[in-house]
Amino acid sequence: MSKVEFNKETGPREVFCGLTSIVWLHRRMPDAFFLVVGSRTCAHLIQSAAGVMIFAEPRFGTAILEEKDLAGLADAHEELDRVVNDLISRRPEIKTLFLVGSCPSEVIKLDLATVAEKLNKRFLGKIKFVNYSGSGIETTFTQGEDGALKALIPLMEDSNEEKLLLVGTLANNVEDRFKKIFRNLGISNVESFPPRQSTELPKIGKNTKVLLTQPYLSDTVRDLKHRGCEIISAPFPLGIEGSTKWFLAAAKAFKISALKVHEIISPLISRAKLALESHKDILKGKRLFLLPESQLEISLARFLHNECEMDLIEIGTPYLNKDLMKEEINLLPDNTKIVEGQHVEKQLDRVREANPDLVVCGMGLANPLEAEGISTKWSIEMVFSPIHGIDQAADLAGLFSKPLRRNQILTSKTLVTN
Amino acid sequence: MELTLWTYEGPPHVGAMRIASSMKDIHYVLHAPQGDTYADLLFTMIERRGQRPPVTYTTFQARDLGGDTAELVKKNIKEAVERFKPKTLLVGESCTAELIQDQPGALAKGMGFDMPIVNLELPAYSKKENWGASETFYQLTRTLLKEKVGSSEKISPLRWKELGRRPKVNILGPSLLGFRCRDDVIEIQRILSEQGIDTNVVAPLGANPNDIERLIDAEINICLYQEIAEASCEWLKRNFGMEYTNTIPIGIKNTIEFINEVHNKLDLPLTNKKELEHKSKLPWYSKSVDSNYLTGKRVFIFGDGTHAIAAAKIAKDELGFEVVGIGTYSREMARQVRATAKELNVEALITNNYLEVEDAMKKAAPELVLGTQMERHSAKRLGIPCAVISTPMHVQDVPARYSPQMGWEGANVIFDDWVHPLMMGLEEHLIDMFKHDFEFVDGHQSHLGHTATKTKDLINSDNKKDNNPKEGIIWTESGRAELTKVPFFVRGKVKTNTEKYAILRGIPEISDETLYDAKAYFS
Ligand code: SF4
Ligand code: SF4
Numbered sequence: 001m002s003k004v005e006f007n008k009e010t011g012p013r014e015v016f017c018g019l020t021s022i023v024w025l026h027r028r029m030p031d032a033f034f035l036v037v038g039s040r041t042c043a044h045l046i047q048s049a050a051g052v053m054i055f056a057e058p059r060f061g062t063a064i065l066e067e068k069d070l071a072g073l074a075d076a077h078e079e080l081d082r083v084v085n086d087l088i089s090r091r092p093e094i095k096t097l098f099l100v101g102s103c104p105s106e107v108i109k110l111d112l113a114t115v116a117e118k119l120n121k122r123f124l125g126k127i128k129f130v131n132y133s134g135s136g137i138e139t140t141f142t143q144g145e146d147g148a149l150k151a152l153i154p155l156m157e158d159s160n161e162e163k164l165l166l167v168g169t170l171a172n173n174v175e176d177r178f179k180k181i182f183r184n185l186g187i188s189n190v191e192s193f194p195p196r197q198s199t200e201l202p203k204i205g206k207n208t209k210v211l212l213t214q215p216y217l218s219d220t221v222r223d224l225k226h227r228g229c230e231i232i233s234a235p236f237p238l239g240i241e242g243s244t245k246w247f248l249a250a251a252k253a254f255k256i257s258a259l260k261v262h263e264i265i266s267p268l269i270s271r272a273k274l275a276l277e278s279h280k281d282i283l284k285g286k287r288l289f290l291l292p293e294s295q296l297e298i299s300l301a302r303f304l305h306n307e308c309e310m311d312l313i314e315i316g317t318p319y320l321n322k323d324l325m326k327e328e329i330n331l332l333p334d335n336t337k338i339v340e341g342q343h344v345e346k347q348l349d350r351v352r353e354a355n356p357d358l359v360v361c362g363m364g365l366a367n368p369l370e371a372e373g374i375s376t377k378w379s380i381e382m383v384f385s386p387i388h389g390i391d392q393a394a395d396l397a398g399l400f401s402k403p404l405r406r407n408q409i410l411t412s413k414t415l416v417t418n
Numbered sequence: 419m420e421l422t423l424w425t426y427e428g429p430p431h432v433g434a435m436r437i438a439s440s441m442k443d444i445h446y447v448l449h450a451p452q453g454d455t456y457a458d459l460l461f462t463m464i465e466r467r468g469q470r471p472p473v474t475y476t477t478f479q480a481r482d483l484g485g486d487t488a489e490l491v492k493k494n495i496k497e498a499v500e501r502f503k504p505k506t507l508l509v510g511e512s513c514t515a516e517l518i519q520d521q522p523g524a525l526a527k528g529m530g531f532d533m534p535i536v537n538l539e540l541p542a543y544s545k546k547e548n549w550g551a552s553e554t555f556y557q558l559t560r561t562l563l564k565e566k567v568g569s570s571e572k573i574s575p576l577r578w579k580e581l582g583r584r585p586k587v588n589i590l591g592p593s594l595l596g597f598r599c600r601d602d603v604i605e606i607q608r609i610l611s612e613q614g615i616d617t618n619v620v621a622p623l624g625a626n627p628n629d630i631e632r633l634i635d636a637e638i639n640i641c642l643y644q645e646i647a648e649a650s651c652e653w654l655k656r657n658f659g660m661e662y663t664n665t666i667p668i669g670i671k672n673t674i675e676f677i678n679e680v681h682n683k684l685d686l687p688l689t690n691k692k693e694l695e696h697k698s699k700l701p702w703y704s705k706s707v708d709s710n711y712l713t714g715k716r717v718f719i720f721g722d723g724t725h726a727i728a729a730a731k732i733a734k735d736e737l738g739f740e741v742v743g744i745g746t747y748s749r750e751m752a753r754q755v756r757a758t759a760k761e762l763n764v765e766a767l768i769t770n771n772y773l774e775v776e777d778a779m780k781k782a783a784p785e786l787v788l789g790t791q792m793e794r795h796s797a798k799r800l801g802i803p804c805a806v807i808s809t810p811m812h813v814q815d816v817p818a819r820y821s822p823q824m825g826w827e828g829a830n831v832i833f834d835d836w837v838h839p840l841m842m843g844l845e846e847h848l849i850d851m852f853k854h855d856f857e858f859v860d861g862h863q864s865h866l867g868h869t870a871t872k873t874k875d876l877i878n879s880d881n882k883k884d885n886n887p888k889e890g891i892i893w894t895e896s897g898r899a900e901l902t903k904v905p906f907f908v909r910g911k912v913k914t915n916t917e918k919y920a921i922l923r924g925i926p927e928i929s930d931e932t933l934y935d936a937k938a939y940f941s
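Residue numbers (this note's numbering), protein chains in the order written: chain A, 1 to 418; chain B, 419 to 941.
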């Protein structure tokens with residue numbers, strides 16, 4: 001392991017809570033509905049994070065707790081029942097309903113598991129109810145997906161069939177790409193979790209080999225292990241290096257020779273390298289600071305340093321699972337500074353002092369940093385854009401080169417802002 | 419429990435943030451979990467501000483709950499005060515913190531700072547954003563002026579005469595995330611100064627705590643946005659006798675009425691009464707023949723109270739529309755909106771549920787919707803043109819150009835903003851009617867840059883393919899000539915219809931007469 005410097009920081013944070021994951025989960029599984037049991041704040045959060053881009057009725061909503069719900073818990077359960085009935089009669093196409101816990105529902109100890117259980121009995125065979133927490137006192141941003149997936153695992157049937165299970169939300173086109181490459185490698189039984197329809201949950205068992213596509217799935221991984229699945233240890237499929245090692249790890253688990261992998265992916269690699277060049281020209285030697293938000297920070301930093309030759313100042317991550325991140329950390333250059341947690345003010349002081357060329361950060365911090373003359377990239381874009389795989393390496397680099405190119409054109413350091 | 423798929427207002431602490439962020443030298447310590455920091459993006463992204471809101475979140479986590487969250491609050495307050503050195507500190511809690519009852523405001527007061535501390539208690543489970551903003555502004559005003567209560571006589575609106583200076587007023591209510599507030603303030607200040615009236619303080623937008631203490635230097639208050647300023651105006655009236663205005667200067671009539679109201683209150687003679695009506699282009703534009711088609715257009719209005727009420731008046735009295743529905747999500751303004759609805763002979767819709775609004779809209783079958791961004795989407799689904807007149811704020815509602823809603827220029831802006839979608843609606847309507855014609859089919863359905871197809875090309879292109887365009891029908895010279903006279907956007911339709919008619923009647927050649935026969939037949 002390289003000599004990576006680990007630090008922990010506590011203090012005021014500036015990150016989204018796990019409810020935000022709903023914004024991409026509801027698009028991945030259009031037959032599911034996400035009902036947050038929370039406050040007006042929670043409703044406002046997902047609305048703001050999702051923008052007002054609502055042309056049809058969204059597949060998420062909030063059961064907003066009111067004063068009377070706080071008074072008597074028994075009533076709150078009844079109320080929730082009523083709201084769920086309302087919702088279902090209005091949206092008969094719902095196949096899976098996620099009851100999503102929030103800070104308020106957790107603090108008042110609303111037992112969503114029991115509610116889900118009861119509803120499952122009542123709507124047996126028609127609608128599945130699951131619950132998980134997306135609360136800001138328990139989870140940050142992408143951890144909401146971890147909770148949602150973990151909640152689905154008990155619904156997955158057993159199967160001893162040998163298969164490769166890709167775990168973590170992928171863009172559809174990326175998923176198709178991956179499946180094709182695996183087929184070419186000779187792994188044809190490949191499924192995804194979460195699936196494109198909540199009703200098409202993969203079956204799992206001791207011959208299921210799990211390959212993670214996203215780094216923020218600690219709890220899901222643990223439960224998949226309990227179900228007998230084998231977790232393939234690999235870096236994440238971001239960039240050429242990460243994706244290559246990811247394919248190699250899968251091939252090894254399926255006893256496919258590395259030679260075969262190289263044979264199949266080397267044309268992709270040369271193509272991707274070519275496409276990467278123009279971005280590398282811009283990114284090379286530029287200094288990067290990643291503020292914590294998505295847990296993708298370490299993989300991104302690895303890609304941007306190893307393949308785009310950026311210099312790493314600091315990698316912030318909201319949460320660090322050293323086990324899951326082992327392969328990634330091994331690929332980082334010596335003396336990389338990783339900071340888990342956050343004290344946003346102190347961290348911003350360090351940003352200012354280091355005066356980086358690019359900061360990866362949350363949406364609330366981007367414009368203020370731009371106003372200080374520092375180019376930024378929103379973390380949230382990484383979870384919305386198809387960035388995985390060799391074919392996407394140049395697109396991924398492009399997300400970071402664009403603000404820099406813009407900065408060259410507009411010299412934002414000289415723009416007057418208020 | 420209330421099922422919400424979309425909400426017009428945020429929680430009350432976001433209202434408090436609007437006040438804090440609108441002002442200078444103020445800091446707000448908000449006891450809240452980490453996810454609540456999303457609210458920053460409302461300011462830094464929607465308003466494109468280059469500053470973070472002056473808010474420190476305690477961002478407590480589940481593991482803190484067992485321990486001492488009160489200590490965490492104190493630590494954050496201490497750090498925030500040291501770092502930001504505010505002149506006034508607001509302390510409050512979000513919905514989750516309210517449940518754990520740490521009472522951060524009381525904690526802050528016990529910490530021995532020598533600066534005014536405003537303890538905000540904003541019940542998150544029964545109140546909403548506008549109320550939170552109003553309450554915050556009120557508590558702030560009260561705290562900063564508390565010591566002066568009773569120290570002076572009732573403030574007479576005529577005091578300026580005794581003091582031998584121009585009258586001074588405060589402009590209260592504009593805030594960040596308010597609809598076009600920044601520009602409204604400029605417009606209103608300009609109008610007042612033309613009338614010989616000075617602005618003492620604008621608050622909260624741009625004010626600092628010292629300005630709040632100076633509020634009582636003015637003779638009267640202009641209550642510009644009732645949602646936010648009315649409670650403070652009322653308090654200033656009760657405790658200092660300061661009068662405040664009721665008219666919202668949106669639209670020509672209201673602007674004139676507003677100017678009159680201010681003058682009456684201040685006992686200031688109107689010097690340039692005659693000029694007033696010519697200050698804006700709206701009255702003439704509205705009267706001009708080009709606006710004939712506006713007459714009696716059916717409009718549906720929904721938004722916050724202030725803008726919805728004002729819109730109704732403009733629609734009816736200044737543009738000659740028929741208001742077929744009005745509503746608001748501001749429960750605090752329900753009474754006023756109901757009164758307006760009554761005058762218009764319609765039922766007021768007071769709701770927080772956008773689907774109910776959409777239903778009402780559908781029922782009312784308007785030709786124009788004046789609403790929020792959400793109504794824009796609903797109207798789009800229903801195929802009705804829409805103009806946005808109210809918050810919740812969307813990045814589109816923060817234009818780079820000067821575009822107030824109030825005063826003379828505001829009336830101009832409103833004329834353009836409302837009438838353009840109607841014109842586009844007219845075009846889109848036509849495009850929709852003729853969408854099967856080839857000049858519209860090539861993915862070309864935009865009102866932007868539509869290039870007219872020349873009739874010759876139109877006929878020639880048909881002829882090239884087939885000399886007998888439709889079952890042996892031929893256009894004669896006179897028929898072609900007549901067809902060129904038809905406006906391009908209906909030309910295709912006319913052509914098809916005429917051919918259809920010719921086929922129907924077994925007419926082999928289309929002359930100018932055939933065209934007129936067809937027109938008569940289809941009309
Ligand atoms: S369509 Fe326009 S107004 Fe609507 S959400 Fe998208 S960008 Fe905003
Ligand atoms: S942090 Fe908690 S209260 Fe805030 S939006 Fe997230 S779940 Fe809701």
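Note that beta-carbon positions come from the ideal geometry of N, C-alpha and C, so glycine has one too.
According to DSSP, residues forming a beta bridge with residue i
i, result
"residue 473(B)", "446(B)"
"residue 719(B)", "744(B), 788(B)"
"residue 511(B)", "449(B)"
"residue 34(A)", "60(A), 98(A)"
"residue 103(A)", "The partner list for residue 103(A) (beta bridge, DSSP) is empty, contrary to what the question assumes."
"residue 372(A)", "None; residue 372(A) has no bridge partner."
"residue 340(A)", "8(A), 317(A)"
"residue 192(A)", "166(A)"
Selection from the options that minimises the alpha carbon distance to residue i
i, options, result
"residue 690(B)", "588(B), 610(B), 778(B)", "610(B)"
"residue 511(B)", "477(B), 548(B), 807(B)", "477(B)"
"residue 106(A)", "96(A), 138(A), 124(A), 115(A)", "138(A)"
"residue 708(B)", "524(B), 841(B), 734(B)", "841(B)"
"residue 61(A)", "44(A), 406(A), 235(A), 133(A)", "44(A)"
"residue 370(A)", "467(B), 448(B), 748(B), 445(B)", "467(B)"
"residue 787(B)", "643(B), 742(B), 583(B), 818(B)", "742(B)"
"residue 116(A)", "234(A), 36(A), 325(A)", "36(A)"
"residue 356(A)", "247(A), 311(A), 214(A), 302(A)", "311(A)"
"residue 626(B)", "445(B), 916(B), 485(B)", "445(B)"
"residue 275(A)", "307(A), 255(A), 185(A)", "307(A)"
"residue 575(B)", "479(B), 679(B), 674(B)", "679(B)"
Residue-level contact to chain D via CB, residue i, 7 angstroms cutoff
i, result
"residue 16(A)", "Of the protein chains in this structure, namely A and B, none is chain D."
_Closer than 7 angstroms between beta carbons: that is the criterion. Which residues of the region 84-105 of chain A meet it against chain B?_
86, 87, 103, 104
*Interface residues of the region 463-480 of chain B facing chain A [CB-CB below 8 angstroms]*: 463, 466, 467, 468, 469, 470, 474, 475, 476, 477, 478, 479, 480
*asked:* For a minimum of 4 consecutive residues, which ranges assigned as the alpha helix (DSSP H) are wholly contained in the region 594-674 of chain B?
replied: 599-612, 627-631, 644-658
*With 7 angstroms as the limit, tell me which residues of the region 527-558 of chain B have their beta carbon closer than that to any beta carbon of chain A; keep them in chain order.*
542, 543, 544, 546
*chain A contacts from the region 434-466 of chain B (Cβ-Cβ distance under 7 angstroms)*: 451, 452, 453, 454, 455, 456, 458, 459, 460, 462, 463, 466
*Along the chain, which unbroken stretches of the beta strand (DSSP E) at least 3 residues long are found entirely within the region 266-337 of chain A?*
287-290, 311-317
*Under 7 angstroms (Cβ pairs) to chain A, residues found in the region 492-516 of chain B*: 494, 501, 512, 513, 514
*What beta strand (DSSP E) runs, 3 residues minimum, are completely inside the region 419-444 of chain B?*
420-422
*Using Cβ-Cβ distances below 9 angstroms, what residues of the region 594-610 of chain B are close to chain A?*
none
*Mind checking the region 38-50 of chain A against chain B and listing, in chain order, the residues whose C-beta falls within less than 7 angstroms of any C-beta there?*
39, 40, 41, 43, 44, 45, 47, 48, 49
_Every unbroken alpha helix (DSSP H) within the region 97-158 of chain A, with a cutoff of 4 residues, ordered by chain_ = 103-107, 112-122, 143-152
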